[in-house]
Amino acid sequence: MNKQFFTGSKISYETDLFQKHFSAYSNYLYDQNFIWLKKEPSIDELAAIEENFMENWMNDAPMFKFNFPPSDSFLAHLETQGFSTEKMLIFTIPSNQLASTSFPKFEISKVHTATLTEFLNSKFTQDLIYGEEFAKINQHFLLTLFKEDILDLFIASTNQAVIGFATVIKHPTNIEIYDIYTAPDFRNQTVAKSLQQYVANFCQDTTIVVVADYSDTPKEMYKKLGYKISGLFYQAQK
């Protein structure tokens, strides 16, 4: 499995066919509780995996991840079982190629203890579109990572109002922009671009990693900023 990006999980069980990943933070976080398939399983093998581990998936929402090219028959079978499959792209860029010396009129700063509540309130409001329970779980998750010094947070603001933010996971050999957000009224005004450039200036002499859905609009922004595709994987969720 590619270790460039954050999973928030640990391997709790492994066979020649798959790894079972379990979140150290919450079994509610579906993208951190998943089965990583090492190779394409047969229909019977897939059914056995799902049956044996279903009880550990919240909301009956199992997720498989894998980086082998899936056969058409495998994808068709997943679809018949109620799974939707996404192709995820891993983008990378050296921080010195993204860094900029010019910044926009709005203010960008790294979040410290004194401004943590301001960030968490803004993030909570954004997360409410996924439900209050998820928003509360994610607050705990982000606060834990922040206290463990795994996560750096950056906010963009104007007139003392938060208009965007970026969450950055610190890996031993790179950093990952785990989440980036721009408030609706400020989109297409270089907020996301400027946040990334600020992060690049702050985290020098490293490689920046982002993960995007193949069909997502942000992947075009990453290409324009100079990111290169360095890998891919698939995820299938019911």
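What the sequence shown shows, in the numbering used here, is residues 10 to 247, in sequence order. Just so you know, even glycine gets a beta-carbon here, dropped at the ideal spot from N, CA and C.
Distance, residue j Cα to residue i Cα
i	j	result
Gln186	Phe15	Reading off the sequence, residue 186 comes out as Ile, not Gln. The straight-line gap from Cα to Cα measures roughly 10 Å.
Leu234	Val218	13 Å
Ile117	Ser51	50 Å
Asn42	Ser104	30 Å
Lys247	Phe77	19 Å
Glu49	Ala57	14 Å
Ala221	Lys228	6 Å
Ser82	Tyr223	21 Å
Lys132	Leu46	32 Å
Lys74	Tyr231	23 Å
Thr176	Asn210	15 Å
Leu248	Asp161	No statement about residue 248 is possible, as the shown extent of the chain runs from 10 to 247 and does not include it.
Phe31	Phe92	20 Å
Ser80	Tyr39	25 Å
CB of residue i within 8 Å of CB of residue j, strictly
i	j	result
Asn168	Gln13	no
Ala33	Ser21	no
Phe163	Val120	yes
Ser35	Ile159	no
Ala144	Leu137	yes
Pro71	Glu88	no
Thr191	Ala201	yes
Thr124	Ala245	no
Ile102	Gly240	no
Met97	Tyr243	yes
Secondary structure of residue i, DSSP reduced to three states
i	result
Thr176	strand
Phe143	helix
Asp136	helix
Tyr39	helix
Thr110	coil
Asp158	coil
Gln244	strand
Ala123	helix
Lys232	helix
Phe75	strand
Leu98	strand
Ala70	coil
Gln28	strand
Thr167	strand
Glu60	helix
Glu49	coil
Member of the options whose CA lies at the smallest distance from the CA of residue i
i	options	result
Asn61	Phe75, Ile44 and Lys48	Ile44
Asn197	Lys179, Asn210, His180 and Ile172	Ile172
Lys156	Thr122, Thr134 and Glu127	Thr122
Phe115	Asp25, Thr199, Leu241 and Leu46	Thr199
Phe174	Pro79, Gln135, Glu229 and His180	Gln135
Asp25	Glu54, Asp40, His86 and Tyr37	Glu54
Gln213	Gln28, Phe195 and Gln106	Gln106
Thr110	Thr226, Lys232, Tyr231 and Gln206	Gln206
Val208	Phe195, Ala108, Gly91 and His30	Ala108
Asp194	Thr226, Ser166 and Leu152	Ser166
Ser203	Gln90, Pro113, Tyr139 and His86	Pro113
Gln148	Phe92, Phe27, Tyr37 and Lys29	Tyr37
Ala170	Ile178, Lys179, Thr126 and Pro181	Thr126
Below-8 Å beta-carbon distance, residue i vs any chain D residue
i	result
Asp158	Of the protein chains in this structure there is only one, and it is not chain D.
Starting from the N-terminal side, write out each stretch of the alpha helix (DSSP H) that is 4 residues or longer and does not extend beyond the stretch 190 to 230.
-> Within the stretch 190 to 230, the complete alpha helix (DSSP H) runs of at least 4 residues are 200 to 211.
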